[in-house]
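Asker:
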Amino acid sequence: MLLHIGIDDTDSPAGMCTTYLGALLYRELSRIAEPADLPRLIRLNPNIPYKTRGNGAVAMTFEADEDLIPAIKDTVISYVNRLADFTHENTNPGIAFLEGEIPEELREFSLKALREHVTIQEAERVAREVGAEYFRFKLGRGIIGALASIGYPLKRFTYELLAYRKPENWGTPRRVNVESVFLADRWSYPFTYDNVDYYKRTVLITPHGKDPVLVGIRGIGRGKVLQTFERVKFEEPVAFYQLYKTNQNTDDHLVPKKIGELKLYDSAVVRGKVAGPYWERGRHVFFELEDETGRIRVAAFEPTKKFRNWVRKLLQGDEIIAAGGVKEHKGVLTLNLEKFYPVKLVSKIEYRKPKCPRCGGTMKSKGDYLKCKRCGHRMPKKLIPVEVPRELERKIYEVPPDARKHLSRPLVLPGGEERILELV
Ligand code: ATP
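Those letters in the sequence shown? Residues 329 to 752, by our numbering.
1. Count Cβ pairs between the region 476-490 and the region 530-548 that sit closer than 8 Å; are there 3 or more?
2. Taking the alpha helix (DSSP H) that residue 431 belongs to, which residues open and close that run?
3. Please classify residue 690 as buried or exposed, where buried requires at least 16 neighbouring CB atoms within 10 angstroms.
4. Can we count residue 471 as close to ligand 1, meaning its CB is less than 8 Å from some heavy atom?
5. Count Cβ pairs between the region 719-732 and the region 662-673 that sit closer than 8 Å; are there 3 or more?
6. Who are the Cβ neighbours of residue 567 in its own chain at under 7 Å, not counting the five residues just before and after it?
7. Considering residue 488, what are the terminal residues of the beta strand (DSSP E) in which it resides?
8. Identify every run of the beta strand (DSSP E) within the region 577-630, keeping only runs that are complete inside it and at least 3 residues long; order them along the chain.
9. Judging by CA-CA distance, which residue of 462, 535 and 607 is the nearest neighbour of residue 382?
10. Note down the Cα distance separating residue 702 from residue 709, rounded to an integer number of angstroms.
11. For residue 724, name the three-state secondary structure that DSSP assigns.
12. Near residue 407, which residues of its chain fall below 7 Å by C-beta distance, leaving aside the five closest residues on each side in sequence?
13. Measure from the alpha carbon of residue 455 to the alpha carbon of each residue in 399, 679 and 333, then state which is nearest.
14. Ignoring anything shorter than 3 residues, give me the beta strand (DSSP E) runs that lie fully in the region 449-533, in order along the chain.
15. With a threshold of 8 Å, are at least 3 pairs of Cβ atoms found where one atom belongs to the region 504-513 and the other to the region 585-595?
16. Out of 712, 394 and 497, which one is the CA nearest neighbour of residue 679?
17. Okay, do the region 515-527 and the region 460-473 touch, 3+ Cβ pairs below 8 Å being the bar?
18. Just curious, the alpha helix (DSSP H) that residue 551 is in, first and last residue?
19. For residue 338, which of 358, 355, 364 and 474 has the nearest alpha-carbon?
20. Within 10 angstroms of its Cβ, does residue 364 collect 16 or more other Cβ (buried), or is it exposed?
21. Can you look up residue 438 in the DSSP assignment and give me helix, strand or coil?
22. Given residue 550, which residues of its chain have a CB within under 7 Å of its CB, disregarding the five upstream and five downstream residues?
23. Measuring CA to CA, which of 434, 400 and 438 is closest to residue 459?
24. Which first and last residues belong to the alpha helix (DSSP H) in which residue 702 is found?
25. Check the DSSP bridge columns for residue 667 and list the partner residues they point to.
26. So is residue 574 buried or exposed if we call it buried at 16+ other beta carbons inside 10 Å?
27. Do the CB positions of residue 728 and residue 641 come within less than 9 Å of each other?
28. Can you tell me whether residue 527 is buried or exposed, with buried defined as 16 or more other CB within 10 angstroms of its CB?
29. Once the 5 residues before and after residue 752 are set aside, which same chain residues still bring their CB inside 8 Å of it?
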């Protein structure tokens, strides 16, 4: 009998990580049942406010003897009871179990949890309808992710190898040899990616929190991911590691929408015209985008760093395709930009002073007049319109790796442009 297990919301900023709990469980359960595949790390809607970090849930499937199923369920429940961080008010664990094939209704629920906002009641209703068993702890919001991770149709996927720290090192700075990460990256990029930031000369595989993760190595081939891990030199012991199959970097969250349809917490790709000049507040860059159905504020926030320079080059009337998540920023619905593609750019006209008609010298503005710097000739100020090149190309611009959502597909990967180009 196939038994699917989903777990979510066991961690808090103070510690723990659902993938750690999942990896321990996977090892334990693999002793008594046959895993159908690797465990799955499923990222859900990146825009919802309850997430601790990347809104990740964990699922795994076993082929198990029917008489062992109660023992397996007890093990899962006892692991969550033992390891979840119940002290944190925003940690509301949930567990789901489903036996047999995955019903279509659960698949649809998963995609909704990926792209929109869903309620605990909706999750409970779906669980009842598909015959899934669930356990709620505290508010039990985790059943949303637990169910969604079971039902997720992982048609496109990547891998992440997660290596964990010994408990005595949790909360201390991670000791990983920086040079070895750069060398490993040079060897495997782009089959593994987001290992380092070449501009900032920083390592990206180590998180910064108190959680048990030592490094996470992402890639499109499991062999390359494992070999990259072997090339990294660790200066603290690795407790153990687990390879996960994941929907990270698939762009699965993005759906084409009209601007008028956008709702809070949606992830979408829209096509529209820049409605006016950009403006800045506290290092964030904003502009408005409109189509025939409506208008939305678009933001490139400070952490997107150099990406903002490209956004600043957009002009009123430019037609672009924009991908991102809808959030509320200071009470206004705002599309947080992940990628954009200029489809049609308006001409950029600059008004320049003519040369002196008498001697060819440079003219200087003097109120309503122009005066030649060389011969002193004066004439009314009549500027000449000149079309200047636009500095944006017809290509997709994306935020830098450390500002990228887990689900967003880097352009360096095959298919990284697909979701945007669908709207061209
Ligand atoms: P980590 O990445 O370290 O595992 P996290 O960012 O995954 O942490 P969680 O602790 O899992 O954060 O919290 C996310 C919560 O939001 C979970 O309870 C999950 O069930 C719920 N959730 C997931 N997707 C949705 C959605 N689309 N709508 C509403 N709630 C959701």
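Glycine included, each C-beta is placed from N, C-alpha and C at the ideal position.
All figures in this text were calculated on a predicted structure; none of them were measured in a lab.
Answerer: Judging by the given coordinates:
1. Yes: the two stretches touch, three or more of their Cβ pairs being nearer than 8 Å.
2. Your numbering for residue 431 matches position 103 in the sequence shown. Where residue 431 is concerned, there is no enclosing alpha helix (DSSP H), given that its DSSP letter is neither H nor E.
3. The count along the sequence shown starts at 1 and reaches residue 690 at position 362. It counts as exposed.
4. Translated into the one-based positions of the sequence shown, residue 471 becomes position 143. At least one heavy atom of ligand 1 is nearer than 8 Å to the Cβ of residue 471, so yes.
5. yes
6. Looking up residue 567 in the sequence shown gives position 239. Only 492, 493 and 494 meet the Cβ criterion.
7. Taking the first residue of the sequence shown as 1, we reach residue 488 at position 160. Run containing residue 488: 486-493, per the beta strand (DSSP E) assignment.
8. If we require 3 residues or more, the beta strand (DSSP E) runs fully inside the region 577-630 come out as 595-602, 607-609, 612-619 and 622-628.
9. Reading the sequence shown from its first residue, position 54 is the one you call residue 382. Here the closest residue by C-alpha is 535.
10. Numbered from 1 along the sequence shown, position 374 holds the residue referred to as residue 702. Numbered from 1 along the sequence shown, position 381 holds the residue referred to as residue 709. Approximately 17 Å between the Cα atoms of the pair.
11. Here residue 724 corresponds to residue number 396 of the sequence shown, with the count starting at 1. Looking at residue 724 - three-state DSSP - the assignment turns out to be coil, as it is neither helix nor strand.
12. Residue numbering aside, residue 407 sits at position 79 when the sequence shown is read from its first letter. Closer than 7 Å at the Cβ level, and outside the excluded window around residue 407, lie 349, 352 and 353.
13. Reading the sequence shown from its first residue, position 127 is the one you call residue 455. Closest by alpha carbon: 333.
14. 461-464 and 486-493
15. Contact fails: fewer than three Cβ-Cβ distances are below 8 Å.
16. Here residue 679 is taken as the residue at index 351 of the sequence shown, counted from 1. Of 712, 394 and 497, the residue nearest in Cα terms is 712.
17. no
18. Within the sequence shown, residue 551 is the residue found at index 223, counting from 1. Its alpha helix (DSSP H) spans residues 550-559.
19. Looking up residue 338 in the sequence shown gives position 10. The candidate whose alpha carbon is nearest that of residue 338 is 474.
20. As a working mapping, residue 364 is identified with position 36 in the sequence shown. Counting Cβ neighbours within 10 Å, residue 364 comes out exposed, since fewer than 16 surround it.
21. Taking the sequence shown and counting its residues from 1, the one referred to as residue 438 is at position 110. Reduced to three states, the DSSP call for residue 438 is helix.
22. On the sequence shown, position 222 is the one that residue 550 refers to. These residues qualify, in order along the chain: 487 and 571.
23. Here residue 459 is taken as the residue at index 131 of the sequence shown, counted from 1. Nearest C-alpha to residue 459: 434.
24. Stepping through the sequence shown from its first residue, residue 702 is reached at position 374. First-last for residue 702: undefined, no H or E at that position.
25. Numbered from its first residue, the sequence shown carries residue 667 at position 339. DSSP, once it has assigned bridges, lists 651 and 726 as partnering residue 667.
26. Here the question's residue 574 lines up with position 246 in the sequence shown. Burial check for residue 574: the Cβ neighbour count within 10 Å reaches 16 or more, so the residue is buried.
27. As a working mapping, residue 728 is identified with position 400 in the sequence shown. As a working mapping, residue 641 is identified with position 313 in the sequence shown. Cβ atoms of residue 728 and residue 641: not closer than 9 Å.
28. Here the question's residue 527 lines up with position 199 in the sequence shown. Using a 10 angstroms sphere on the CB of residue 527, the tally of other CB atoms stays under 16, which defines it as exposed.
29. Taking the sequence shown and counting its residues from 1, the one referred to as residue 752 is at position 424. Excluding sequence neighbours, residue 752 sits near 649, 669 and 671.
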